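S.K.:
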Amino acid sequence: MYSSFDLTGKTALITGASSGIGNHFSKTFASAGANVVLAARRTDRLKETAAEIGSTGGNADWARLDVTSRASVEAAFAKSIERFGRIDIVVNNAGIASASYALDVSESDWDRVLDTNLKGAWLVAQRAGRHMAEDQKGGSVINIVSILGRRVMGGVAPYAAAKAALDHLTRVLAYEWARYAIRVNAIAPGYIITDINRDYLNSPMGQKAIRKIPQRRFGQPQDLDGAVLLLASDASSYMTGSTIVVDGGHLQSSM
Ligand SMILES: NC(=O)c1ccc[n+]([C@@H]2O[C@H](COP(=O)([O-])OP(=O)(O)OC[C@H]3O[C@@H](n4cnc5c(N)ncnc54)[C@H](OP(=O)(O)O)[C@@H]3O)[C@@H](O)[C@H]2O)c1
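Residue 13 is where the sequence shown starts when you use my numbering, and the numbers rise one by one after that.
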């Protein structure tokens, strides 16, 4: 491996690590040499993956985390810092979707999606920023946004609004935190098959969506490995405020 992508000696905290993309990233980071903290609400799944990483020679721990609660964010950081000393990389990956047309979205659905996908990511980023600025060693914050923050479709108003806002927040934080050697970047995935969308992607409507993807396939979590390892590692030391789109060309296609 090109040595700049090596994460040996670094510690990464990954939110939403109990399934899908976050769970996959925890294994990717561990195999690149990082200590990994898996964080989410379903701790049984976190423990299972941490044990799996440990059994293959990696170094992993877990922390219960509800990103909508500042107290929970605080506790997860405290546990991670106590275990590994410092956190160098934070992947803001926790997220939920909701499926209703704009006329039908309830206020509680709106709040649930915005509280998790935007406010939650903000709480985690702010805690990470304070930690990384404190000892002047900096770090890398990676926000998982979505191509739905850039293009539109029906039924995803709160989700698309939250992801567009997080994409823009990425640039604001990059601008403010460069002075602390903290890099803040984002990855905007297209359709990656996980629990969040498996039912939809396997439905007749989902299958039609393949035709809109120039590469004519949905992505798998491992399709994001190149982007996440780049942004986590010193290979991207002059990148901040960037969003890497990983979507098989989906953004380039017409509706
Ligand atoms: N799959 C795609 O096509 C796609 C495309 C673009 C962007 N994304 C984004 O990628 C990220 C990961 O999604 P995924 O596809 O891997 O879906 P997923 O398998 O459903 O994973 C979502 C993760 O978020 C966690 N989570 C949800 N609410 C949380 C909360 N309040 N506090 C802490 N963790 C919470 C869940 O863990 P617990 O329930 O255990 O807490 C779970 O681990 C999301 O931000 C999603 O919007 C996905």
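We put the CB at the ideal spot given by N, CA and C, even for glycine. Model, not experiment: these values are computed from the prediction.
Helix, strand or coil for residue 120? Go by DSSP, reduced to three states.
M.R.: Mapped onto the sequence shown, residue 120 falls at position 108. Helix, per DSSP.
S.K.: According to DSSP, simplified to helix, strand and coil, what is residue 82?
M.R.: Looking up residue 82 in the sequence shown gives position 70. Three-state DSSP puts residue 82 in a helix.
S.K.: Using a 10 Å radius around the Cβ and a threshold of 16 neighbouring Cβ atoms, would you call residue 214 buried or exposed?
M.R.: Indexing the sequence shown from 1 puts residue 214 at position 202. Classification of residue 214: exposed, given that the 10 Å Cβ count is below 16.
S.K.: With DSSP as the reference, identify every bridge partner of residue 238, one or two as the case may be.
M.R.: Mapped onto the sequence shown, residue 238 falls at position 226. According to DSSP, residue 238 bridges with nothing at all.
S.K.: Please work out which residues of its chain come closer than 6 Å, Cβ to Cβ, to residue 102, disregarding the five sequence neighbours upstream and downstream, and give them in chain order.
M.R.: Walking along the sequence shown from the start, residue 102 turns up at place 90. Same-chain partners within the cutoff: 25, 140, 153.
S.K.: Measuring straight from C-alpha to C-alpha, what distance separates residue 54 and residue 248?
M.R.: Here the question's residue 54 lines up with position 42 in the sequence shown. Here the question's residue 248 lines up with position 236 in the sequence shown. Taking C-alpha positions only, residue 54 is separated from residue 248 by approximately 32 Å.
S.K.: Going by beta carbon distance, what residues of the same chain come within less than 6 Å of residue 195, once the five residues before and after it are set aside?
M.R.: One-based indexing of the sequence shown puts residue 195 at position 183. The residues are 152, 252.
S.K.: Under 7 Å Cβ to Cβ from residue 45, same chain only, skipping five residues before and after it: list those, please.
M.R.: The residue you call residue 45 lines up with position 33 of the sequence shown. Excluding positions up to five away in sequence, the list reads 18, 19, 20.
S.K.: In the DSSP assignment, what residue or residues form a beta bridge with residue 112?
M.R.: Mapped onto the sequence shown, residue 112 falls at position 100. Note: residue 112 sits in a beta bridge opposite 168.
S.K.: Based on Cα-Cα distance, which residue from 261, 106, 187 lies nearest to residue 52?
M.R.: Along the sequence shown, one-based indexing puts residue 52 at 40. Among 261, 106, 187, the Cα nearest to that of residue 52 is on 106.
S.K.: Would you kindly report the start and end of the unbroken alpha helix (DSSP H) that includes residue 215?
M.R.: In the sequence shown, the residue the question calls residue 215 occupies position 203. That residue, residue 215, is in no alpha helix (DSSP H); it is neither H nor E in DSSP.
S.K.: Taking Cβ positions, are residue 113 and residue 167 nearer each other than 8 Å?
M.R.: Working through the sequence shown from its first residue, we reach residue 113 at position 101. Working through the sequence shown from its first residue, we reach residue 167 at position 155. Cβ distance < 8 Å, so residue 113 and residue 167 count as in contact.
S.K.: State yes or no: is the C-beta of residue 187 nearer than 7 Å to some heavy atom of ligand 1?
M.R.: Within the sequence shown, the letter at position 175 stands for residue 187. It does not: the Cβ of residue 187 is nowhere closer than 7 Å to a heavy atom of ligand 1.
S.K.: Count the other CB atoms, across all protein chains shown, that sit within 10 Å of the CB of residue 88; report buried if there are 16 or more and exposed otherwise.
M.R.: For the purposes of this step, residue 88 is taken as residue 76 along the sequence shown, with counting starting at 1. Classification of residue 88: buried, given that the 10 Å Cβ count is 16 or more.
S.K.: From 257, 234, 242, pick the residue whose C-alpha is nearest to that of residue 37; which is it?
M.R.: Your numbering for residue 37 matches position 25 in the sequence shown. Looking at the Cα atoms, 234 is the closest of the given residues.
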